[in-house]
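Input: a single structure, listed below in structure tokens.
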Amino acid sequence: MNWDVIFGVSLESLLNATMIAYALAAIGLNVHFGYTGLLNFGQSAFLGVAAYGLAMTVSTFDLPFWLGIVIGLVGAVLLALLLGIPTLRLRADYLAIVTIAAAEIVRLLFRSVTLSEWTGGSDGLQRFSDDFYSMNPYSKGLEIGVVNFDERELWVMTVGWLLIALSLLIVFLAMRSPWGRVIKAIREDEDAVRSLGKNVVSYKMQSLILGGVLGSLGGFIFALSRAAVQPDTYGTEFTFYMYTIVILGGAARVFGPVIGSMIFWVLLAFINALLPALISQGYIPTWIMTPIQAGAVGYILVGLGLVLLLIFRPQGIFGDKKEVMLDGR
Amino acid sequence: MADDITTVPPGVARAAEALKDVPHEPGAKKKDPILVADSVVRRFGGLTAVNVGHVEIQRGAITALIGPNGAGKTTFFNLLTGFDRPDEGKWEFNGKPLAGVAAHKVARQGMVRTFQLTKALSRLSVIDNMRLGGTGQKGERFWQSLIPAIWRGQEKEITERADELLARFKLDTKREDFAGSLSGGQRKLLEMARALMVQPDMVMLDEPMAGVNPALTQSLLGHVKSLREDGMTVLFVEHDMDMVRDISDWVIVMGQGSIIAEGTPDTVMADPRVIDAYLGAHHDGTQHDPEAVAEEVGEVAATDESAAPGGSGASADSAAPGDFAAPGGSGASGEVSGEKKAAGADE
Ligand SMILES: Nc1ncnc2c1ncn2[C@@H]1O[C@H](COP(=O)(O)OP(=O)(O)OP(=O)(O)O)[C@@H](O)[C@H]1O
Ligand SMILES: [Mg+2]
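Protein sequence lines, in the order shown, are assigned to chains A and B.
Taken in order, the first sequence gives residues -11 to 317; the numbers are from our numbering.
Taken in order, the second sequence gives residues 41 to 387; the numbers are from our numbering.
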């Protein structure tokens, strides 16, 4: 059995671009769900809009890379307004329903045949990341023991980690301020906050925009690291993994999403590398599972782990048990 | 309370003077009303929960809004403060029309309410609950919130004011605790203190004393009276008649959605219409002696106070307004209020 490879992939997923993209997405979702109590089930759409905003600007319309970034960000803000204006006045569950539907609509628009001239249909788009990689200061990759990144990966990771640092700083500063106090109070009881003269709808909108924009940063990293966008990556299960990550790390904790994303991806990478190895070595007979089935089993085990976590440590890794107990009153 | 007898505080004297010549009838005009409401109607399906023709609230006075369970007091509060929309009606606060104005704007205009079902913000600390009440906070704007230097000074002032109020309400020892860990009565206190952080012209308290222990009730009553001395207007809902008599300058009685009587505490409690509303229209009428009836009305409320949470009897919601309390107060357990139930469930 090749333990070097198994540990190599696992350790790499502590730091790599996929983990970063999910962490950024979850940082945004944590603003919505963890701090404000907004049930946004369409976070994947924010990543999709940003990724396609960038890809279409550069690849379809031949416009500059930075304009693509701006358009991606503006797209995320517009999506937040579009989702928020009709729903934020209503009860919390309406946002959940509308966001899950909106995310599907966004995905179906990206893959629709009618728009494929611009979006590339179900194949998606490529060739929009050249400008990004031409800024790469690294000329060679990095190899430390079993961990191995090439220079392109290193560049995405550098930018990604800077974005994580920036996002965490913003969330940290905002949430310890009076603004964050209003946001957290809205999570507890909107009417109480209204009775004290705060414009609750406006704050919820600000939260939706902030979390959406932070999530859109994850969309850029996700698209750039793959040098491609594909509509079906931005489906609802994307959002559910983000929820898993937020809860794993501990909702309403600044570092929770990053830790959550690391644990999620390390576990998944480890299991996904270990199981096929065990099968090929004959430790797991093929009547239990074939190497092809191992991938699905990996997700099942992660799901099982999450269920156990919710039972035995519902506050997540970082959460405060007292807070959760209060919540379950 | 000894001073009350020897010297009359200026606030009490002012309120008494203002209300001296006001006729004791529903919809009576006040000398200097802070709030004037006209034909406010709210229907829930076939039920007309509120149907108030005309009512005025005297500035600087403590006005009690009383009435049997289901009379529409809370609904009327909700309408006035923008938490519910009326089917008809308009009202003015400080001379400005308020109908259709959003709840948070009503609060900013200086009319702040508390809730019958207490709304403590559980996973915020007590002090953060208080700070939230501060108005015009620079740090509550997103971009400014990112730079602590902008809001730190103001935060300090707000915190000082919050600490003073917490001390007044005997919550200073709970300062850092989550509000969710407070008892039902402490939450009532916190909510009231938090409302005062807004520095309103008028506070509207929906059963502020329900679930608060008698010793603390006395000091709370003291606070409410001191608000009047500060020039604030207080409108409060309360079922305990002794308390109403103790602190209110004026009493407004609601029954089945309408204002059925108004006046000073003593005259109102002797009013046959009020007795009818409280005891049901079909009582035998032998108890029109004011003292006895007032006592009885108080007793009914007192039974309510002492009723064990989840105790015997139907819940308030299922009882028709007329038969909410049996005459004599003996079997009057029909009014374990929603608040009681909530407080019971919290333990
Ligand atoms: N949201 C609602 N939907 C339907 N009916 C309602 C609603 N809110 C209140 N009601 C009805 O309106 C009437 C007035 O209720 P309200 O809560 O205003 O009474 P109240 O005077 O505050 O009583 P209590 O002293 O028990 O608090 C009741 O008959 C109640 O059932
Ligand atoms: Mg009520």
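The beta carbon of each residue, even a glycine, is placed where N, CA and C say it ideally should be.
query = How is B/E302 classed by DSSP in three states: helix, strand or coil?
reply = strand
query = When every heavy atom of ligand 2 is checked, does at least one fall within less than 6 angstroms of the C-beta of B/T114?
reply = It does: the Cβ of B/T114 is within 6 angstroms (strictly closer) of some heavy atom of ligand 2.
key: Every unbroken alpha helix (DSSP H) inside the region 93 to 167 of chain B [4 residues or more]   = 113 to 120, 143 to 148
request  = Using a Cβ-Cβ cut-off of less than 8 angstroms, list which residues of the region -7 to 13 of chain A approach chain B; keep chain order.
outcome  = none
request  = Please classify A/R115: is it buried, with 16 or more other beta-carbons within 10 angstroms of its beta-carbon, or exposed?
outcome  = exposed
inquiry  = Is any non-hydrogen atom of ligand 2 found closer than 6 angstroms to the C-beta of B/A296, if you look at the structure I gave you?
reply    = It is worth fixing the name first, because residue 296 of chain B is Gln in this sequence and not Ala. Judged by the Cβ position, B/Q296 fails to qualify as a neighbour of ligand 2 at the 6 angstroms threshold, every heavy atom of the ligand being at least this far.
inquiry  = Quick check on A/V86: does DSSP put it in helix, strand or coil?
reply    = helix
inquiry  = Tell me whether B/G86, by its Cβ, gets closer than 6 angstroms to a heavy atom of ligand 1.
reply    = no
task = Could you check how far apart the C-beta atoms of B/R153 and B/T121 are, in whole angstroms? I think they sit under 8 angstroms.
result = About 5 angstroms separates the beta carbon of B/R153 from that of B/T121, a gap short enough to meet the 8 angstroms contact definition.
query = How far does the beta strand (DSSP E) with A/W(-9) in it reach, from first residue to last?
reply = That residue, A/W(-9), is in no beta strand (DSSP E); its alpha helix (DSSP H) goes -9 to 0.
request  = Using a Cβ cut-off of 7 angstroms, pull out every chain B residue sitting near A/A180, in sequence order please.
outcome  = For A/A180, the neighbours in chain B by C-beta distance under 7 angstroms run, in chain order, K159, L161.
request  = Using alpha carbons as the reference points, say which of A/L256, A/Y287, A/L296 lies closest to A/L2.
outcome  = It is A/L256 whose Cα lies nearest to the Cα of A/L2.
ask   = By how many angstroms is the C-alpha of A/P166 removed from the C-alpha of B/A342?
value = The pLDDT assigned to B/A342 is 45, lower than 50, so where the model puts this residue is not dependable; a value taken from the coordinates is nonetheless given after this. Cα-Cα distance, rounded: 42 angstroms.
inquiry  = Less than 7 angstroms between the C-beta atoms of B/A310 and B/P108, yes or no?
reply    = Their beta carbons are not under 7 angstroms apart, which means B/A310 does not touch B/P108 by this criterion.
inquiry  = I want to check one thing, is the minimum distance from the CB of B/G110 to the heavy atoms of ligand 1 below 6 angstroms?
reply    = True, at least one ligand heavy atom lies under 6 angstroms from that Cβ.
message = Short of 7 angstroms in beta carbon distance, which residues of its chain neighbour A/L142, apart from the five on each side in sequence? Order them along the chain.
response = The residues Y126, G129, L130, in chain order, have a CB closer than 7 angstroms to that of A/L142 in the same chain once the five nearest residues on each side in sequence are set aside.
message = Using only the alpha-carbon positions, how far apart do A/S213 and B/F182 sit?
response = 31 angstroms
query = Helix, strand or coil: which one does DSSP assign to A/G283?
reply = helix
task = Give me the Cα-Cα distance between A/G133 and A/I233, rounded to the nearest whole angstrom.
result = 28 angstroms
query = Using the beta-carbon count (16 or more within 10 Å), is A/F226 buried or exposed?
reply = buried
query = When burial is assigned at 16 or more other CB atoms within 10 Å of the CB, is B/V48 buried or exposed?
reply = exposed
request  = Give the DSSP-derived three-state secondary structure of A/A216 in the structure shown.
outcome  = strand
Continuous beta strand (DSSP E) stretch holding B/W290: start and end = 290 to 295
ask   = Thinking C-alpha only, which one of B/N91, B/G174, B/G67, B/L211 is nearest B/A301?
value = Looking from the CA of B/A301, the closest CA among B/N91, B/G174, B/G67, B/L211 belongs to B/G67.
request  = Kindly say whether A/P166, judged by its beta-carbon, lies nearer than 7 angstroms to any beta-carbon of chain B.
outcome  = Interface residue (Cβ-Cβ distance to chain B less than 7 angstroms): A/P166 is classified as such.
ask   = Do we get a CB-CB distance below 7 angstroms when we pair B/G350 with the residues of chain A?
value = In this predicted model, B/G350 has a pLDDT of only 40, less than 50, meaning its place in the structure is not dependable enough to derive any value.
key: Cross-strand partners of B/M249 (DSSP beta bridge)   = Its beta-bridge partners do not exist; DSSP assigns none.
request  = Within its chain, find whatever has a CB closer than 6 angstroms to the CB of A/D81; leave out the 5 residues flanking it on each side and keep chain order.
outcome  = none
ask   = Which residues share a DSSP beta bridge with B/M281?
value = BP columns for B/M281 are empty, so no partner.
query = For A/E178, does the three-state DSSP call read helix, strand or coil?
reply = helix
query = Hey, how far is the Cα of A/G16 from the Cα of A/L67?
reply = 14 angstroms
Whole-Å CB distance - B/T257 paired with B/M244, under 8 angstroms assumed = The pair is not a contact, with the Cβ atoms about 19 angstroms apart (cut-off 8 angstroms).
ask   = Using the beta-carbon count (16 or more within 10 Å), is B/A235 buried or exposed?
value = buried
task = Compute every distance between the C-beta of B/A89 and the non-hydrogen atoms of ligand 1, then say whether any falls below 6 angstroms.
result = yes
When A/L157, A/G185, A/I158, A/L156 are compared against A/V170, the one with the closest alpha-carbon = Residue nearest to A/V170 within the set A/L157, A/G185, A/I158, A/L156 is A/G185 (criterion: CA-CA distance).
request  = Please list the residues of the region 193 to 209 of chain A that have a C-beta atom closer than 8 angstroms to any C-beta atom in chain B, keeping them in chain order.
outcome  = Q194, L198
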